[in-house]
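J.:
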Amino acid sequence: AGLAPSFIELVQLVGTEEGLTKAERDAAVEEIKQAVQMGYVDTFHAKHDDNCRAKLGLAAWDDDAQELWDGLFKLMASRCGGGGLDFTIFFRSLSDAKPAEA
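UniProt numbering numbers the first residue of the sequence shown as 1 and each following residue consecutively.
1. Where does residue 80 land, buried or exposed, given buried means 16+ other C-beta within 10 angstroms?
2. Report yes or no: do the segment 49-61 and the segment 84-97 share at least 3 C-beta pairs separated by less than 8 Å?
3. With distances taken Cα to Cα, identify the nearest neighbour of residue 26 among 9, 42 and 68.
4. For residue 71 and residue 38, I'd like the C-alpha separation in whole angstroms.
5. Do the CB positions of residue 11 and residue 29 come within less than 7 Å of each other?
6. Residue 61: which of 16, 88, 74 and 46 sits nearest, CA to CA?
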């Protein structure tokens, strides 16, 4: 995770004020980087899954929904380019289907 240099300097300064060794300050910076990165990854996946669910018009996201998405995405990706499938138009057209047709 890319922490701003000024934030890293602040962590180092606070660590110095608290009497931490350089190794302890560096470890604190690494721990913060890991926490930010993991938080980002978890948030990204949750938002991505929610977007996929909405695009497919599903009420919930589960393993079956993930399997449907993976298969559909592979099929769509194999048909794109050179006048192939337009992802935006495809997903927009799904919203035109009546609930009984879905």
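We treat Cβ as the ideally placed atom computed from N, Cα and C, and that holds for glycine.
T.: Taking the structure as given:
1. To locate residue 80, count along the sequence shown from 1; it is residue 80. In this structure residue 80 is exposed. Its beta-carbon is surrounded by fewer than 16 other beta-carbon atoms within 10 angstroms.
2. The segment 49-61 and the segment 84-97 touch, with no fewer than 3 CB-CB distances between them shorter than 8 Å.
3. In the sequence shown, residue 26 corresponds to position 26, counting from 1. Closest by C-alpha distance to residue 26, out of 9, 42 and 68, is 9.
4. The residue labelled residue 71 in the question sits at position 71 within the sequence shown. The residue labelled residue 38 in the question sits at position 38 within the sequence shown. Roughly 27 Å separates the two Cα atoms.
5. Within the sequence shown, residue 11 is the residue found at index 11, counting from 1. Within the sequence shown, residue 29 is the residue found at index 29, counting from 1. For residue 11 and residue 29, yes; Cβs fall inside 7 Å.
6. For the purposes of this step, residue 61 is taken as residue 61 along the sequence shown, with counting starting at 1. If we check each option's Cα against that of residue 61, 46 comes out closest.
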